[in-house]
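Peer 1: Before I ask anything, here is the structure I am working with.
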Amino acid sequence: MFSFGTLLSGLSIGSILLLVALGLAIIYGTMGVINLAHGDFLMIGAYATWYLQKYWHMGLIATLPVVFIVGCIVGLVVEKTVVRYLYRRPLDTILATWGISILLEEAVNLGAGSNLKYVQLPGMLSGDWVLFGAHVGVYRILIIGIALALLIATSVLFFRTDFGLKVRAVVSNPETAEGHGVNSGLIYAATFAYGSGLAAFAGALVAPIKSVSPTMGIHYIVDAFLVVVVGGVGSLLGLFVSAGIIGEMESIIGFAIDDTTAKVIIFLAVIAIIRFRPQGLFVSKVRQPS
Amino acid sequence: MTTTGKRTLLGYVAFCGLILVLPFLLRGNSYLLNKSALYMALAMATVALSFTWGYAGILNLGQAVSFGIGAYAMAMHLKLVASAGNPGGLPDFMTWNSVGTLPLVWTPFHSLLVSVILGIGVSVLVSTLIGWFIFRARISGVFVAIITLALLVVVNLVVVTEQGLTAGWNGITNLADVTVGGVDIGSYGFGFYYLVGITLVVVLLLGWYATRTKTGLVLRAINSNTQRARYLGYDVAAYETFAYASSAGVAAIAGMYYAVGNSFASPTFMAVPFSLSIVIWCAVGGRRSLIAAAIGALVVNAIQGALSSDLLDVSNLVIGALFVIIVLFLPEGIVPEIGGAFRRIWTSLVGYSGARPHTPKERMPGQGTSKFTGGQK
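Protein sequences appear in the order of chains G and H.
Residue numbers for the first sequence follow this note's numbering, so the first one is -6 and each next one is one higher.
Residue numbers for the second sequence follow this note's numbering, so the first one is 4 and each next one is one higher.
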C-alpha cells in the first residue's frame, strides 16, 4: 500500500514540521509565549525567498542564510515592540501574536499582492534518485538533511555553548540568573529571534514545493502545535520523534485514504495521547504553565 | 444585592432597553435592521465566549466550531425548503457534485424543529466529548487554546472537503426564508431583528443569572486558582465541561441566526480568522463581563462595517493594530476602562464617599470580594 517513497515523503513533511515546532517549543519553553504569528514568520521566509530569487536572482541555497537572518530581524522587532511586555501574561501572548499575524499577513498582502507566488527549484535539486526501487526527489532528501543538521545545531547551541547555558539558567530561574549577571531581556530577545529565524528558514525550504500565499502559515502552525503537544516542551528528542510520527501519519494516511482523513485521525490521536500523557510523550516532569 | 451587583444589573437593563428601541432609531431601515441583527448574532457568540473565557478561564479559540455547526444545521434546513421544487427535493449543489439521492444525514433537516435541536445538540455533544477528554486530563491554559484551535482547523477542513454534503468552499447558498407556523419571518424586517434581539437579551440575562449562582462562583474560583478549587472538593473538569458545552450551545444558536440573516452558510463561518475575531471582540469589549463582550462585538463590527466600505484594503490592518494595542494597554477591555473613568469623574464631581478604592479587580463585575457571599445568598 505504501512504498519507500511514501515513507520518505512523510519524513520530509516531518522535517518541516520539526523546524517550525522547534521554534515554537524554544519560544514557549523559554518565555512561556505561545506565538500564533509563528506561521507568519514561515510565510515571510517563503516570500523573502521568492523576492530574493525574483529580483536579486539568487539561487535557492544562497538565499537560505539570508532568509534566516530576515526571520531573526522580524522576530526581534516583534519581540522588542510587543511580546516583551507580555512575559507574565501567557494567554495574552496568544491574542497579541494573533494581532501581529493579521498585521503581517495584511502587510504582505498589500506589498506583494494576494496571488500565489512560485519559487524555482534549482535544476540539480529537482531530479529523482532511485533508492530501494523507489523514485525519491533529491530535494526531499535535502530537506531532511538540513532539518537534522539544524536540530543538531540547535541542541549544540542550547546544551554546549555559553549562550545555551544562560538560556537554561533564565528558564529555570530568571531572578537567580539575573543575580549572576545574565541579562534576561537580551536572552529572551535572542531566543525569540532564533526561533523566528528557524520558522523563516522552514518557509524558504517549503517555498519551492508549496505555493506561497499570505495565509500559508496557518496550516503549518497548527500541525506544529500538535507536534509540540505530543513531543512535550522540554525535550528536543521528543519533538524529533513526534514530528517524525505526525509527518509519517500525514503522508501514509494521506496516501492510503486522503489528506483530510489524515488530519482528522492525527487530531483524534493527539487528543487521545494527551488524555493519558498530558505532559507530552517524552517529558518526564510536568511543566506547569504559570 | 451589593452596589456592584445593582450597577451591573442597571447596565444590563439599559443595554437590553437599547436593543428593544434601536429599530425605531433606525426608522425601520431594512438594510440596517438586517445588519444590526447579524451583529447581535455575533454578539451572542461573543457573550458565550466570555462565559467560558472571562469567567471560567478557558480560552476557546474554536468558538466558531459550534457557531458553524449551528449555521450549517439551519442552512441545511432552509436549503431543503428552497429545493422542494427540485427533482427528488435535491439541493442544486448535490446535483452538481453528482449526488443522486438525498444523503441520510440530510433527511432529518426537513423539519425546522429537528434542525434547531440537532444544531444545538451536536455542538453541545461535540464540546462535551472534547471537553471531557481535555479537562479530565487537567489540560489548562494555553494548551486548551491549542487543542480548540486544532479542532477548528480539522472541522473546517472536513466541511470544505465533503463537497457532496456541504457544498465545499462555496457554502450552502440560496436559502429559503424561515417560516414558523406559516408566518414568514424573513431576514430584513422587524420580525427577524426582534427574534435575534430578544434571544440576545435572554442569553444575557440567563448568563448574568448563571454567573451569580453557585456554579458561576465555582467557575470563577477555578479561574483564579484551579488547584485550590480542586482541593476544596469541586469536580473541576465537570464544571469546565459544563461551561464549555453550554457556551457551545449558545454559539450554535447564534450561528443559526447568522445563517438566516445572511441567507447562506459557508466554511468562513468556521474558519480560523473568524473564530479568532470572536476572541478579539470579546477581548476588546472586556472578557470578564458578558455585557462588555457583547458591546465589544457590536462596536468592532460596526466600525469594521463602516471602515470596509471605504477602506477595504487597510481595514484588517486597523483591526490588527487595534487589537495589539488593546492587549498591550487595555488588557481588561474598553468597556471596564470607560466604566472606571466614568466612576472616577462621578466620584470627583459628587465626592461620593461610598466609592471604594479604584483597583482593576473592582472594575470587573463579579470580581470584588463582596460578591463572594453574593452568589451564595
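The beta-carbon is built from N, C-alpha and C at its ideal position, and this holds for glycine as well.
Pull up the CB-CB distance for G:G224 and G:G157, whole angstroms please, since I reckon it's below 8 Å.
Peer 2: Going by Cβ atoms, the distance from G:G224 to G:G157 rounds to 19 Å, so no, they are not a contact pair.
Peer 1: Check whether the region -1 to 7 of chain G touches the region 226 to 246 of chain G, counting contact only when three or more Cβ pairs, one atom from each stretch, lie closer than 8 Å.
Peer 2: Short answer: they touch.
Peer 1: I'd like the span of the alpha helix (DSSP H) that includes G:G92, first residue to last.
Peer 2: Unbroken alpha helix (DSSP H) run through G:G92: P83 to A105.
Peer 1: May I have the straight-line CA-CA distance separating H:L21 from H:V127, to the nearest angstrom?
Peer 2: Computed Cα separation, rounded: 31 Å.
Peer 1: Give me the Cα-Cα distance between H:M97 and H:M259, rounded to the nearest whole angstrom.
Peer 2: Rounded to the nearest angstrom, the two C-alpha atoms are 22 Å apart.
Peer 1: Residues in the same chain with beta-carbon distance under 8 Å from G:L79, minus the five sequence neighbours each way, listed in chain order, please.
Peer 2: Hits under 8 Å: V26, D85, T86 and A89.
Peer 1: Return the Cβ separation of H:P270 and H:G174 in integer angstroms, given the expectation that the two are a contact with Cβ distance under 8 Å.
Peer 2: Right, their Cβ atoms sit about 6 Å apart.
Peer 1: Could you give the C-beta distance for H:A257 and H:I61, rounded to a whole number, given that I count them as a contact under 8 Å?
Peer 2: About 18 Å; that fails the 8 Å criterion.
Peer 1: Measure the Cβ-Cβ separation of H:G91 and H:T110 and say whether it is below 8 Å.
Peer 2: No, the Cβ-Cβ distance between H:G91 and H:T110 is not below 8 Å.
Peer 1: For G:G7, which residues of its own chain have a beta-carbon under 7 Å away from its beta-carbon, when the five flanking residues on both sides are left out?
Peer 2: Here the set comprises A236, G237, I239, G240 and E241.
Peer 1: Are H:A59 and H:I225 close, meaning C-beta to C-beta below 8 Å?
Peer 2: Contact: yes.
Peer 1: Using a Cβ cut-off of 8 Å (strictly closer), state whether G:A193 contacts chain H.
Peer 2: G:A193 does not count as touching chain H.
Peer 1: So is G:A146 buried or exposed if we call it buried at 16+ other beta carbons inside 10 Å?
Peer 2: By the 10 Å Cβ count, G:A146 comes out exposed.
Peer 1: Please tell me whether G:G3 has its Cβ less than 8 Å away from any Cβ of chain H.
Peer 2: Not one chain H Cβ lies under 8 Å of G:G3.
Peer 1: Closer than 8 Å between beta carbons: that is the criterion. Which residues of the region 70 to 83 of chain G meet it against chain A?
Peer 2: No chain A is part of this structure, whose protein chains are labelled G and H.
Peer 1: Can you list the residues of chain H that G:D85 reaches, using a CB-CB cut of under 8 Å?
Peer 2: Chain H residues near G:D85: V330 and P334.
Peer 1: How far does the alpha helix (DSSP H) with G:G224 in it extend, from its first residue to its last?
Peer 2: Start and end: G210 to G224.
Peer 1: Check whether the Cβ atoms of G:G38 and G:G138 lie closer than 8 Å to each other.
Peer 2: Cβ distance not < 8 Å, so G:G38 and G:G138 don't count as in contact.
Peer 1: Is any beta-carbon of chain G found at less than 8 Å from that of H:V102?
Peer 2: H:V102 does not count as touching chain G.
Peer 1: So, is the C-beta of H:F267 closer than 8 Å to a C-beta in chain G?
Peer 2: False, the Cβ-Cβ gap to chain G never drops below 8 Å.
Peer 1: Cβ closer than 9 Å: which chain G residues qualify as neighbours of H:R223?
Peer 2: The premise fails here: H:R223 is roughly 16 Å from chain G at the closest Cβ pair, so nothing lies under 9 Å.
Peer 1: From G:A217, G:R270 and G:R153, pick the residue whose C-alpha is nearest to that of G:H31; which is it?
Peer 2: Considering only alpha carbons, the answer is G:A217.
Peer 1: Quick check on G:W122: does DSSP put it in helix, strand or coil?
Peer 2: Correct three-state label for G:W122: strand.
Peer 1: List the whole-angstrom C-beta distance separating G:S286 from G:E171, where the pair is believed to meet the contact cut-off of C-beta under 8 Å.
Peer 2: The displayed coordinates of chain G run from -6 to 283. Any statement about residue 286 of chain G would go beyond what the structure contains.
Peer 1: For H:L154, which option in G:V215, G:P83, G:I136 and G:V101 has the closest C-alpha, if you only look at C-alpha atoms?
Peer 2: Of G:V215, G:P83, G:I136 and G:V101, the residue nearest in Cα terms is G:V215.
Peer 1: In three-state DSSP terms, what is G:K110?
Peer 2: The answer is strand: DSSP assigns G:K110 an E or B state.
Peer 1: By how many angstroms is the C-alpha of H:E335 removed from the C-alpha of H:I294?
Peer 2: If you take the alpha carbons of H:I294 and H:E335, they lie about 13 Å apart.
Peer 1: Measure the CB-CB distance between G:T33 and G:G210 and report whether it falls below 8 Å.
Peer 2: A quick correction: the sequence has Asp, not Thr, at residue 33 of chain G. Contact flag set, yes.
Peer 1: If I'm right that H:G210 touches H:A40 with Cβ under 8 Å, what's the distance once you round it to whole angstroms?
Peer 2: No, H:G210 and H:A40 are not in contact; Cβ-Cβ is about 19 Å, not under 8 Å.
Peer 1: Hey, is G:T253's beta-carbon within less than 8 Å of any beta-carbon in chain H?
Peer 2: Chain H, which has a Cβ nearer than 8 Å to the Cβ of G:T253, makes this yes.
Peer 1: When we look at the beta-carbon of G:M117 and count the other beta-carbons within 10 Å, is it buried (16 or more) or exposed?
Peer 2: So G:M117 ends up on the exposed side.
Peer 1: Run the CB neighbour count on G:Y48, radius 10 Å, all protein chains shown included, and call it buried at 16 or more, exposed below.
Peer 2: Answer is exposed; the Cβ neighbour count stays below 16.
Peer 1: Out of curiosity, what's the CA-to-CA distance linking G:V67 and H:S130?
Peer 2: Looking at the two C-alpha atoms, the distance is approximately 37 Å.
Peer 1: With a floor of 4 residues, list each alpha helix (DSSP H) that falls wholly inside the region 124 to 180 of chain H, ordered by position along the chain.
Peer 2: Counting whole runs of 4 or more residues, the region 124 to 180 of chain H contains the alpha helix (DSSP H) stretches 145 to 164 and 166 to 169.
Peer 1: Step through the CB atoms of chain H and report whether any lies within less than 8 Å of the CB of G:G92.
Peer 2: At least one chain H Cβ lies under 8 Å of G:G92.
Peer 1: Taking only the alpha-carbon atoms, compute the straight-line gap between H:S69 and H:T350 and give it to the nearest angstrom.
Peer 2: H:S69 and H:T350: Cα-Cα distance of roughly 43 Å.
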